[in-house]
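Reading through the structure tokens given below for one structure.
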């Protein structure tokens, strides 16, 4: 039996979710408590959880009971069918094994230095007194850094064209037409789906050109993810195909672009809205970087770390995590049928006053002495 939840029709729930998802979550939790059930058109019922013990049961649950790839079916339209986000079982394990080298901890330093250099260069373009629209600026910064560190693209003209196509894809994919599969009609430039398909074809043409270049070069000097995948593939018995590489690159872009940009924007907005926090952030930076420094020194910025954690608590980039039940199971005291979506909710867990007193207040100091468990604080999902 499913938990209670909003009684309005699935169509109305879908529309409200598309327009104001966090309001839907807050209102349902206030009315029914958690867990509760949401019904979205075209998807199985979703049971939303926020209690840390229930979240822990899902994150530590067996992959034979909870699957992620099938639950992320909606991503296939945007990133393709063959990435870690959309695969389960042996295929998932194969991809994870082949993707491990680019993300080994020994590689993280190179990515950090590239991110540092790109960020410093972008900030240097701003002058005192400039008016900067933070969200667009952060979207552009995050996009350019990902394309350079993941795709290996640094040519300004190529970056601009990828950025232009990304803007079209993002705009059209947020349309209600795209949210409901039965509304996807290819009417060329007269429909969101048609415009999306056209932009995706152009995007893929450019991306496959970059993949071909990386595979042909096989350069030992490339430090981007695509270059490392190309080299690893040359030594693997069962390397990723071009299509699989394409989908994994798209998954990395999808996972890192908007999430990073939105998180940076909220952190900036919350900091500037609190004069005391803004003052302490400036003091933290000046105290450690006035004479220079680099990414290896970032661990010393303890107060800024706390600001980041607190901004992610209030506005987690991932509002709902998703798993799908392979078979009937008892979760959070309810007997749920196979196929049910089980959705831990960082947004609600992070607003639980039992875990975070005064949960609506921006208080970075709550993270100055560590942070809660991974089942109480999980802004990027978990498991």
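In the working numbering, the protein residues as written are 11 to 393. Cβ coordinates follow ideal geometry from the N, Cα and C atoms, glycine included.
The residue among 270, 45 and 300 with its C-alpha nearest the C-alpha of residue 325 is 270. Rounded to whole angstroms, the gap between the alpha carbons of residue 35 and residue 47 is 10 Å. Restricting attention to 162, 268 and 283, the CA atom closest to the CA of residue 223 is found in 162.
In the assembly as shown, residue 246 is an exposed residue. Its beta-carbon has fewer than 16 other beta-carbons within 10 Å. Note that the C-beta distance between residue 356 and residue 313 is not below 8 Å.
If you look at residue 341, you'll find it in the beta strand (DSSP E) that goes 339-341.
In this structure, residue 94 places its C-beta atom within 8 Å of the C-beta atom of residue 258. Under DSSP, residue 345 takes part in a beta bridge, and its partners are 340. By the Cβ rule, the segment 66-76 does not count as touching the segment 230-237, because fewer than three pairs are nearer than 8 Å. Membership of residue 46 in any alpha helix (DSSP H) is not indicated; the residue belongs instead to the beta strand (DSSP E) covering 46-48.
Around the beta carbon of residue 154, 16 or more other beta carbons sit within 10 angstroms, so the residue counts as buried. Sequence-distant partners of residue 274 (beyond 5 residues in either direction) whose C-beta falls short of 6 Å from its own C-beta, in its chain, are 148.
Cβ contact annotation for residue 318 (same chain, cutoff 7 Å, sequence separation greater than five): 277, in chain order.
C-alpha of residue 207 to C-alpha of residue 243: approximately 29 Å in a straight line.
Residue pairing by DSSP places residue 76 opposite 335 in a beta bridge.
Residue pairing by DSSP places residue 351 opposite 56 and 334 in a beta bridge. Taken in chain order, the complete alpha helix (DSSP H) segments of 4 or more residues contained in the segment 132-212 are 144-156, 166-183 and 186-189.
Inter-residue distance for residue 21 and residue 201 is about 21 Å (C-alpha atoms, whole angstroms). For residue 360, the number of other beta carbons within 10 angstroms of its own is at least 16, and it is reported as buried. Cβ-Cβ separation between residue 351 and residue 57: approximately 7 Å, consistent with a contact (criterion under 8 Å).
Taken through DSSP and simplified to helix, strand or coil, residue 23 comes out as helix. The three-state reading of DSSP puts residue 280 in helix, counting H, G and I together. Counted as a single uninterrupted DSSP element, the alpha helix (DSSP H) harbouring residue 101 occupies residues 99-109. Residue 294: member of the alpha helix (DSSP H) spanning 285-299, first to last residue. Note that the C-beta distance between residue 59 and residue 354 is below 8 Å.
With a threshold of 16 other beta carbon atoms within 10 Å, residue 152 meets it and is buried.
Leaving aside the five residues that flank residue 372 on each side, the residues in its chain whose CB is nearer than 7 Å to its CB run, in chain order, 280, 284, 320 and 324. Residue 90 and residue 302 have their C-alpha atoms some 43 Å from each other. When C-beta atoms of the segment 99-114 are compared with those of the segment 375-382, fewer than three pairs fall below 8 Å, so the two segments do not count as touching. Between the segment 136-148 and the segment 171-184 there are fewer than three inter-stretch CB-CB distances shorter than 8 Å, so the stretches are not counted as touching.
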